[in-house]
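Trainee: Sequences listed follow chains F and S, in order.
Per this note's numbering, the very first residue in the first sequence carries number 1; after that it's consecutive.
Per this note's numbering, the very first residue in the second sequence carries number 1; after that it's consecutive.
There are 2 protein chains.
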Amino acid sequence: MPVRIIDLSHPLYDGSPSWPGDPGISVAEHCTIERDTCCVHRLSLGTHQGTHIDAPAHYLKGGAGVDSLPLERLYGKARLLRIPRGRGGRIGRADLLRFDEHLQEGARLLVHTGWDEQWGKEGFFLEGPCLDLDAAKLLAERKIGVLGVDMATPAADDAEAVHHVLMNAGVIIVEGLANLGLCPDEFTLVAFPLRFEGLDGSPVRAAAICQ
Amino acid sequence: MPVRIIDLSHPLYDGSPSWPGDPGISVAEHCTIERDTCCVHRLSLGTHQGTHIDAPAHYLKGGAGVDSLPLERLYGKARLLRIPRGRGGRIGRADLLRFDEHLQEGARLLVHTGWDEQWGKEGFFLEGPCLDLDAAKLLAERKIGVLGVDMATPAADDAEAVHHVLMNAGVIIVEGLANLGLCPDEFTLVAFPLRFEGLDGSPVRAAAICQ
Numbered sequence: 001m002p003v004r005i006i007d008l009s010h011p012l013y014d015g016s017p018s019w020p021g022d023p024g025i026s027v028a029e030h031c032t033i034e035r036d037t038c039c040v041h042r043l044s045l046g047t048h049q050g051t052h053i054d055a056p057a058h059y060l061k062g063g064a065g066v067d068s069l070p071l072e073r074l075y076g077k078a079r080l081l082r083i084p085r086g087r088g089g090r091i092g093r094a095d096l097l098r099f100d101e102h103l104q105e106g107a108r109l110l111v112h113t114g115w116d117e118q119w120g121k122e123g124f125f126l127e128g129p130c131l132d133l134d135a136a137k138l139l140a141e142r143k144i145g146v147l148g149v150d151m152a153t154p155a156a157d158d159a160e161a162v163h164h165v166l167m168n169a170g171v172i173i174v175e176g177l178a179n180l181g182l183c184p185d186e187f188t189l190v191a192f193p194l195r196f197e198g199l200d201g202s203p204v205r206a207a208a209i210c211q
Numbered sequence: 001m002p003v004r005i006i007d008l009s010h011p012l013y014d015g016s017p018s019w020p021g022d023p024g025i026s027v028a029e030h031c032t033i034e035r036d037t038c039c040v041h042r043l044s045l046g047t048h049q050g051t052h053i054d055a056p057a058h059y060l061k062g063g064a065g066v067d068s069l070p071l072e073r074l075y076g077k078a079r080l081l082r083i084p085r086g087r088g089g090r091i092g093r094a095d096l097l098r099f100d101e102h103l104q105e106g107a108r109l110l111v112h113t114g115w116d117e118q119w120g121k122e123g124f125f126l127e128g129p130c131l132d133l134d135a136a137k138l139l140a141e142r143k144i145g146v147l148g149v150d151m152a153t154p155a156a157d158d159a160e161a162v163h164h165v166l167m168n169a170g171v172i173i174v175e176g177l178a179n180l181g182l183c184p185d186e187f188t189l190v191a192f193p194l195r196f197e198g199l200d201g202s203p204v205r206a207a208a209i210c211q
């Protein structure tokens, strides 16, 4: 059966949008077809560049790196939670409880606020909507497997606490997803990090496979 | 139904094996948990580092970059071709014709020679087995979709000609696959490049999804 695949990743290019204070991304010519018969580029970027995965090692000392996350966790049935929010909006426990039946152990939940439309615009990184600490605690209590968001981060007010609550519960976080607005309520998610040994994060080519 | 996923990628780390003359890979601390509450690294690497995809732009002027490759091409049923070869071995047209029925338009074919066991050892990049030009022409005639290999390159004697023949026929090349020896004859391949705009290659987390 032919599948339709929706790209859930933002593009990466020289100077593409980066979290303030992160290394940023640069792309430089290394070999060219004219001179060397083939074209190769040199990339410089941070582990949290663009659409990416946070491993527990991002916030937890001794936490797992991206290469230790089981691939089975990052491939399979995913559920979209449509929670429209704009600049500075908050998502609380009650907002998530509207999707009570989907807050299951191991669930892959992707929150679509619509904020990905602000990608590349002023305030995308620091002024987006986010989960409050109580909402994060609910997801941790339910032991969900993956939390994906279309914002640059699920946390704003209390970034460290929200990440700690989620990561201590084993939740894998995918940040900066694109195109969730094009997705059906359920699909197969693929979001494999590169196999960086022990590292705190990795850009991913996240995708929604729709049958 | 639970799936089993086999990682087809080699690990990436500071100084991990790189094609001679390529940029190589370095990993540097950027933020630390102790100092900054979270850990972030800066990566420097080439577009053909580790297990990776060659886009047509690698060898063809005006060729498609990795971001233009349809994701549907890089997800789906794949077939393993077991053709054991050692140092300097050659794969010719007759070797591929043993798998005649699988040399179909759009097919995802992964050649397992066993050379991936030499990864990290002397000669891995420049002394591996490869396809000869006539074998490449056969795959081009058959219009296969993806050619994956466990060597660092499918081509040695005539790298430019082999890449041109394959790329002009629209074949996407995946190089440096690991663990093909653990795979069944057929499985679902995932090998999505990062969404680098217009670039000639991208590291990938290739994986075999086995039902």
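We treat Cβ as the ideally placed atom computed from N, Cα and C, and that holds for glycine.
#1: Closer than 8 Å, CB to CB, is alanine 207 (chain S) near chain F or not?
#2: Quick check on DSSP: helix, strand or coil for arginine 195 (chain S)?
#3: Can you pull the chain S residues whose beta carbon is under 7 Å from the beta carbon of proline 203 (chain F), in chain order?
#4: Within 10 Å of its beta-carbon, does alanine 94 (chain S) have 16 or more other beta-carbons around it, so buried, or fewer, so exposed?
#5: How many Å lie between aspartate 36 (chain F) and valine 66 (chain S) at the Cα?
#6: Cβ of aspartate 22 (chain S) less than 8 Å from any chain F Cβ?
#7: Looking at chain F, which residues of the segment 130 to 161 of chain S have a Cβ within less than 9 Å of any of its Cβ atoms?
#8: What's the gap between the Cα of phenylalanine 125 (chain S) and the Cα of leucine 109 (chain S)?
#9: If the cut is a Cβ gap below 8 Å, which residues of chain S does valine 40 (chain F) touch?
#10: Counting contacts by CB-CB distance shorter than 8 Å, is valine 3 (chain F) in contact with chain S?
#11: How is the beta strand (DSSP E) around glutamate 175 (chain S) delimited, first residue to last?
#12: Does any CB atom of chain S fall closer than 8 Å to the CB of proline 11 (chain F)?
#13: Kindly provide the ranges of any beta strand (DSSP E) runs that are 3 or more residues long and lie completely inside the segment 103 to 180 of chain F, ordered along the chain.
#14: Determine the contact status of arginine 195 (chain S) and serine 9 (chain F), defining contact as a CB-CB distance below 8 Å.
#15: Along the chain, where does the alpha helix (DSSP H) containing alanine 28 (chain F) start, and where does it finish?
#16: Compute the Euclidean distance between the alpha carbons of alanine 161 (chain S) and aspartate 14 (chain S), then round it to the nearest angstrom.
#17: Which whole-angstrom value describes the C-beta separation of aspartate 150 (chain S) and histidine 112 (chain S), a residue pair presumed to lie in contact below a C-beta threshold of 8 Å?
Mentor: Taking the coordinates as given:
#1: yes
#2: coil
#3: Leu194
#4: exposed
#5: 20 Å
#6: yes
#7: Listed in chain order, the positions of the segment 130 to 161 of chain S with a beta carbon within less than 9 Å of a beta carbon of chain F are Ala159, Glu160.
#8: 21 Å
#9: Asp22, Pro23, Gly46, Thr47, His48, His58, Asp200, Gly201
#10: yes
#11: Looking at the DSSP string, the run of the beta strand (DSSP E) that includes glutamate 175 (chain S) is 172 to 175.
#12: Answer yes: the Cβ-Cβ gap between proline 11 (chain F) and chain S drops below 8 Å somewhere.
#13: Secondary structure within the segment 103 to 180 of chain F: the beta strand (DSSP E) runs of 3 or more consecutive residues, fully enclosed, are 108 to 112, 146 to 149, 172 to 175 (chain order).
#14: Going by C-beta atoms, arginine 195 (chain S) is nearer than 8 Å to serine 9 (chain F).
#15: Note, alanine 28 (chain F): premise wrong, no alpha helix (DSSP H); beta strand (DSSP E) at 26 to 31.
#16: 32 Å
#17: 6 Å
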